[in-house]
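A.B. asks: Structure provided below as structure tokens; questions to follow.
Number of protein chains: 2
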Amino acid sequence: MQQKKLKLADLAKIAGVSTSTASRALNDNPLIKQETRERIQKLAKTHNFSLNAAASRLRLQKTKVIAVLINLDAETEQSIDDPFLLKVVSDINLAVNRQGYELLLSNSYMAGEDWYGYFIDGRRADGVIVVGQGKQQASIERASSAGMPLVVWGDPKTQAGYVIVGSDNFLGGQVATQHLLDKGCKQPLFLGEPEHAELGERYKGFCSVVERANLTERAQLLKIDITSQAAYDSINQKLRSDGLDFDGIFACSDMVALGAMKALKERYVSIPNDVLIVGFDDIAMADVSFPSLTTIKQDTQKAGELLVEKLLTQLAGEEVESSQLAISLVERQSS
Amino acid sequence: MQQKKLKLADLAKIAGVSTSTASRALNDNPLIKQETRERIQKLAKTHNFSLNAAASRLRLQKTKVIAVLINLDAETEQSIDDPFLLKVVSDINLAVNRQGYELLLSNSYMAGEDWYGYFIDGRRADGVIVVGQGKQQASIERASSAGMPLVVWGDPKTQAGYVIVGSDNFLGGQVATQHLLDKGCKQPLFLGEPEHAELGERYKGFCSVVERANLTERAQLLKIDITSQAAYDSINQKLRSDGLDFDGIFACSDMVALGAMKALKERYVSIPNDVLIVGFDDIAMADVSFPSLTTIKQDTQKAGELLVEKLLTQLAGEEVESSQLAISLVERQSS
DNA sequence: GATCTTAATGCAAACGTTTGCAATAGCGTT
DNA sequence: AACGCTATTGCAAACGTTTGCATTAAGATC
């Protein structure tokens with residue numbers, strides 16, 4: 001079994017130095033002679049010694065932890081199932097680790113109302129990355145103005161008192177829609193939820209292109225919950241009631257696009273011959289579906305890096321600004 | 001801006017009691033008069049007071065944190081992209097929170113070799129949930145025999161010195177394969193990686209059913225990396241070199257199944273008329289693909305709850321045993 | 001050889017909780 | 001009036017680091 005936990009003092013005794021020296025040695029403090037440092041570090045390794053993070057955090061008043069707060073709209077407790085969001089979290093995780101920080105995975109359920117108190121005063125994390133602006137914008141705003149180091153994954157165009165990193169959703173909407181038109185679409189349909197911050201920008205992009213092409217009369221908006229199931233259902237229903245009165249879909253996300261695609265395929269509407277489809281996100285499934293899905297790619301890896309970098313800069317006391325990530329059109333069979 | 005952080009002593013002073021009383025009051029210790037307790041709790045709320053978790057952990061020698069260690073096979077640093085794994089993590093997160101614990105998201109990159117030292121001695125977490133047995137079984141074994149509270153998501157049939165929670169993969173393989181045969185399949189193909197712990201069991205289930213039906217001669221194994229891309233590539237290549245010499249596929253995961261499906265559809269092989277397909281996991285995409293994918297559903301929510309429950313039981317000092325989750329066949333259009 | 005400088009190390013306080021034990025107050029019993 | 005009992009509360013130590021300051025050792029300078 002495990003022998004009793006070594007503390008720094010024990011290690012120091014073994015090495016025949018004081019705890020201060022041991023501490024400094026482990027932190028590679030140049031005050032300590034190079035040789036001594038190496039000796040103690042080696043000793044620590046052979047004895048499987050680890051510093052007590054709790055003690056260290058108490059003394060240093062910082063945690064080397066970044067909290068990631070997944071901001072679910074749902075009032076209902078439920079796990080995330082959009083693969084895109086999960087990908088974002090996973091890429092943040094990587095970026096966080098690469099900077100030598102650890103990642104506390106949290107959500108509004110744990111953090112309660114007073115995020116500043118919970119995370120910062122509570123010494124659970126040094127800063128927070130919020131994934132998804134959702135409807136809790138009030139909580140974000142409050143935490144931010146309380147001085148909490150904070151970066152949000154959302155739409156950078158949002159006018160807010162906090163730093164936002166996100167794709168250029170407006171441009172993405174334009175590119176996607178323009179692509180539809182270029183491919184001959186005359187009756188474009190937007191499938192999504194314009195109330196939502198990021199998706200709303202995509203819709204605005206859609207509208208601007210449609211207007212420029214004088215197609216406003218023939219364009220449509222189909223408002224749905226942003227799940228593939230809802231997309232499937234509502235396209236189905238629309239086909240039943242209105243028939244096929246559109247020839248191109250810009251879906252607000254890939255999951256939504258895939259749901260719509262399924263409904264169309266079941267009714268033998270040919271993609272891309274009868275209806276063109278463009279999605280958003282570029283999740284793994286976009287490439288694997290049949291026909292494969294044309295989409296707007298969001299660079300989640302870059303996103304993760306940028307979110308973390310901006311947060312660390314804030315922690316260092318410097319001012320930071322929101323920024324927008326470039327998007328790119330990935331052309332596949334559905335268009 | 002933020003006024004200076006209140007400490008327990010300050011709150012106590014405001015309330016006109018000692019810190020001990022304040023501490024006990026916040027922890028609802030019955031030593032303190034009911035009335036006093038309520039008064040102090042209310043005061044804490046109005047002043048946005050939060051206990052310093054670092055100090056608390058130092059003193060208590062426990063963290064109320066559970067670490068989730070994602071055990072990637074890949075030597076290459078890379079983010080996870082199998083939606084199923086992410087779903088598992090997300091459901092663990094929920095279960096962890098429901099028990100009043102927090103979730104530290106980690107991976108072998110951060111934890112290094114000496115997991116016990118890093119998590120337990122380092123006072124970063126009270127216990128660890130490992131997702132995926134992967135190839136690091138040695139690290140797991142070592143941590144476990146060092147006495148680390150630990151539960152692994154994997155295949156419960158594995159003979160190992162640690163507690164495992166997982167689906168009945170063998171039975172799942174049998175059910176899936178039997179279903180193929182019931183639907184008239186005469187030349188079943190297993191698509192996956194039999195070396196892998198969980199997938200290997202699925203393959204064994206496949207074999208046992210095939211044997212019982214005297215189809216061993218006509219059954220095939222196609223060994224691939226477990227990504228949809230690899231599945232797509234290898235089915236493509238197989239069609240080119242061998243032609244269509246199978247009429248049913250049991251894919252080791254839904255992502256793999258979807259990759260295979262795409263290859264088949266591109267060559268106008270009809271699903272389910274020419275080839276039946278059954279997957280494993282029941283990710284969201286299984287329902288949305290066209291044709292929708294018959295699959296073996298794993299109950300990730302139950303998994304999350306069970307993993308956490310078993311870990312907490314271990315923390316309480318009791319012995320725990322591995323256990324198997326029931327699986328179920330979800331029949332859709334692909335079969 | 002006394003003094004100064006520099007390099008390396010040690011001492012002890014502080015971070016903010018929790019808790020065993022001691023202390024106090026209030027009240028009934030003899 | 002002294003005592004014992006119970007219900008509350010307070011005192012002070014301990015958890016294991018880190019770091020400002022003091023100290024020591026060793027070499028350099030006059």
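In order, the protein sequences belong to chains B and A. Everything in the first sequence is counted per our numbering, starting at 1 for the first residue and increasing by one. Everything in the second sequence is counted per our numbering, starting at 1 for the first residue and increasing by one. Every residue, glycine too, gets a C-beta built ideally from N, C-alpha and C.
1) Starting from B:P272, find everything on chain A with Cβ-Cβ shorter than 8 Å and list it in chain order.
2) Is it the case that the Cβ atoms of B:P149 and B:G127 are separated by a distance below 7 Å?
3) Per DSSP, B:T295 forms a beta bridge with which residues?
4) Less than 7 Å between the beta carbons of A:V275 and A:L180, yes or no?
5) Whose C-alpha, out of A:E102, A:N97, A:I129 and A:I92, is nearest the C-alpha of A:S108?
6) Based on Cα-Cα distance, which residue from A:L72, A:G117 and A:I66 lies nearest to A:L105?
7) Between which two residues does the alpha helix (DSSP H) carrying A:N169 extend?
8) Where does the unbroken beta strand (DSSP E) through A:A131 begin, and where does it stop?
9) By a C-beta neighbour count over all protein chains shown, 10 Å radius and 16 as the cutoff for buried, is A:N52 buried or exposed?
10) Can you tell me the Cβ-Cβ gap for A:T300 and A:D91, rounded? I've got them flagged as a contact below 8 Å.
11) Check for me: the alpha helix (DSSP H) holding A:A260 runs from which residue to which?
12) Does the structure place the region 180-190 of chain B close enough to the region 220-227 of chain B that three or more beta carbon pairs sit under 8 Å?
13) Taking the alpha-carbon of A:S167 as reference, which of A:L199, A:S139, A:K5 and A:S145 has the nearest alpha-carbon?
14) By alpha-carbon positions, which one of A:R267, A:A260, A:R59 and A:G205 ends up nearest to A:P194?
15) With 16 as the cutoff for other CB atoms within 10 Å, does B:S50 come out buried or exposed?
16) Please report the straight-line C-alpha distance between B:A230 and B:G317, rounded to a whole angstrom.
17) Given that B:G122 touches chain A, what residues does it touch there, using C-beta distances under 8 Å?
18) From the beta carbon of B:Q324, is the nearest beta carbon of chain A less than 7 Å away?
19) Might you give, ordered along the chain, the residues of its own chain that have their beta carbon closer than 6 Å to the beta carbon of B:E77, omitting 5 neighbours on each side?
20) If you draw a straight line from the alpha carbon of B:V17 to that of B:V152, how long is it in whole angstroms?
21) Could you name each continuous alpha helix (DSSP H) segment of 4 residues or more that falls completely within the region 186-221 of chain A, going from the start of the chain to the end?
22) Could you check whether the Cβ of A:E319 sits closer than 7 Å to any Cβ belonging to chain B?
23) Within the continuous beta strand (DSSP E) that includes B:F250, where are the two ends?
24) For the region 282-299 of chain A, enumerate the residues whose C-beta is nearer than 9 Å to any C-beta of chain B, in chain order.
25) Could you tell me which of A:A160, A:D245, A:A138 and A:H196 sits nearest to A:C185, measuring between CA atoms?
26) Within 7 Å (strictly less), CB to CB, does B:S228 reach chain A?
27) Answer with yes or no whether the minimum CB distance from A:K5 to chain B is below 7 Å.
28) Measure from the C-beta of B:R57 to each C-beta in chain A and report whether the shortest distance is under 7 Å.
29) Which word fits B:G100, buried or exposed, when buried means at least 16 other C-beta atoms lie within 10 angstroms of its C-beta?
30) Between the C-alpha atoms of A:T21 and B:L58, what's the straight-line distance to the nearest angstrom?
31) Closer than 7 Å, CB to CB, is A:T76 near chain B or not?
32) Any heavy atom of the ligand PLP closer than 6 Å to the Cβ of A:L150?
33) For A:Y268, would you say it is in contact with chain B, using Cβ-to-Cβ distances shorter than 7 Å as the test?
34) To the nearest angstrom, how far is it from the Cα of A:A160 to the Cα of B:T19?
35) Just verifying my parser: in three-state terms, what is the DSSP assignment at A:I40?
C.D. replies: On the basis of the supplied data:
1) To locate residue 272 of chain B, count along the first sequence from 1; it is residue 272. Those do not exist, as B:P272 stays about 15 Å from chain A at its closest Cβ, beyond 8 Å.
2) Indexing the first sequence from 1 puts residue 149 of chain B at position 149. Indexing the first sequence from 1 puts residue 127 of chain B at position 127. Yes, these two residues count as a Cβ contact at 7 Å.
3) In the first sequence, residue 295 of chain B corresponds to position 295, counting from 1. Looking at the DSSP assignment, B:T295 forms a beta bridge with B:G279 and B:V330.
4) Along the second sequence, read from residue 1 onward, the residue named residue 275 of chain A stands at position 275. Along the second sequence, read from residue 1 onward, the residue named residue 180 of chain A stands at position 180. No. Outside cutoff.
5) Here the question's residue 108 of chain A lines up with position 108 in the second sequence. Cα-wise, what sits closest to A:S108 is A:I129.
6) On the second sequence, residue 105 of chain A is found 105 positions in, with the first residue counted as 1. When only C-alpha atoms are compared, the closest one is A:I66.
7) Here the question's residue 169 of chain A lines up with position 169 in the second sequence. Where A:N169 is concerned, the enclosing alpha helix (DSSP H) stretches over N169 to D182.
8) Start at 1 with the first residue of the second sequence, and residue 131 of chain A comes out as number 131. It should be noted that the sequence gives Val, not Ala, for residue 131 of chain A. From DSSP, the beta strand (DSSP E) with A:V131 extends over G127 to V131.
9) Residue mapping note: residue 52 of chain A aligns to position 52 of the second sequence, counting from 1. Buried: at least 16 other Cβ atoms inside 10 Å.
10) Here residue 300 of chain A refers to the residue found at position 300 when the second sequence is read from its first residue. Here residue 91 of chain A refers to the residue found at position 91 when the second sequence is read from its first residue. With a Cβ gap of about 5 Å, A:T300 and A:D91 count as contacting.
11) The sequence position of residue 260 of chain A within the second sequence is 260, counting from 1. Residues D254 to E266.
12) yes
13) Taking the second sequence and counting its residues from 1, one reaches residue 167 of chain A at position 167. Taking only the C-alpha atoms, the option nearest A:S167 is A:L199.
14) On the second sequence, position 194 is the one that residue 194 of chain A refers to. It is A:G205.
15) Locating residue 50 of chain B in the first sequence gives position 50, where the first residue counts as 1. It counts as buried.
16) The residue you call residue 230 of chain B lines up with position 230 of the first sequence. The residue you call residue 317 of chain B lines up with position 317 of the first sequence. Each residue's alpha carbon lies about 44 Å from the other.
17) Numbered from its first residue, the first sequence carries residue 122 of chain B at position 122. Under the 8 Å cutoff, chain A gives S50, L51, N52 and A53.
18) Position 324 of the first sequence holds residue 324 of chain B. It does not; no Cβ of chain A falls within 7 Å.
19) If you number the first sequence from 1, residue 77 of chain B lands on position 77. Note that B:E77 scores 47 on pLDDT, short of 50, meaning its location in the model is unreliable and no value can be drawn from it.
20) For the purposes of this step, residue 17 of chain B is identified with residue 17 of the first sequence, where counting begins at 1. For the purposes of this step, residue 152 of chain B is identified with residue 152 of the first sequence, where counting begins at 1. If I take the Cα positions, the gap works out to 46 Å.
21) 197-212
22) For this step, residue 319 of chain A is matched to residue 319 along the second sequence. Judged by the 7 Å Cβ criterion, A:E319 is not in contact with chain B.
23) For the purposes of this step, residue 250 of chain B is identified with residue 250 of the first sequence, where counting begins at 1. First-last of the beta strand (DSSP E) with B:F250: G248 to A251.
24) I283, A284, M285, D287, V288, S289, F290, P291 and S292
25) Along the second sequence, one-based indexing puts residue 185 of chain A at 185. Checking every option, the nearest Cα to that of A:C185 belongs to A:D245.
26) To locate residue 228 of chain B, count along the first sequence from 1; it is residue 228. Yes, contact with chain A.
27) Counted from its first residue, the second sequence places residue 5 of chain A at position 5. Yes, A:K5 counts as interfacial toward chain B.
28) In the first sequence, the residue the question calls residue 57 of chain B occupies position 57. So, interface residue.
29) In the first sequence, counting from the first residue as 1, residue 100 of chain B sits at position 100. Looking at its Cβ environment, which holds fewer than 16 other Cβ atoms inside 10 Å, B:G100 is exposed.
30) For this step, residue 21 of chain A is matched to residue 21 along the second sequence. For this step, residue 58 of chain B is matched to residue 58 along the first sequence. So the alpha carbons of these two residues sit roughly 22 Å apart.
31) Along the second sequence, read from residue 1 onward, the residue named residue 76 of chain A stands at position 76. Any reading at A:T76 must be qualified, since the residue scores a pLDDT of 45, below 50, and its modelled position is unreliable; no value is offered.
32) This structure simply doesn't include the ligand PLP, nor any ligand for that matter.
33) Position 268 of the second sequence, counting from 1, holds the residue named residue 268 of chain A. With 7 Å as the cut-off, A:Y268 does not count as an interface residue toward chain B.
34) The sequence position of residue 160 of chain A within the second sequence is 160, counting from 1. The sequence position of residue 19 of chain B within the first sequence is 19, counting from 1. Each residue's Cα considered, the two are about 40 Å apart.
35) Here residue 40 of chain A is taken as the residue at index 40 of the second sequence, counted from 1. Helix.
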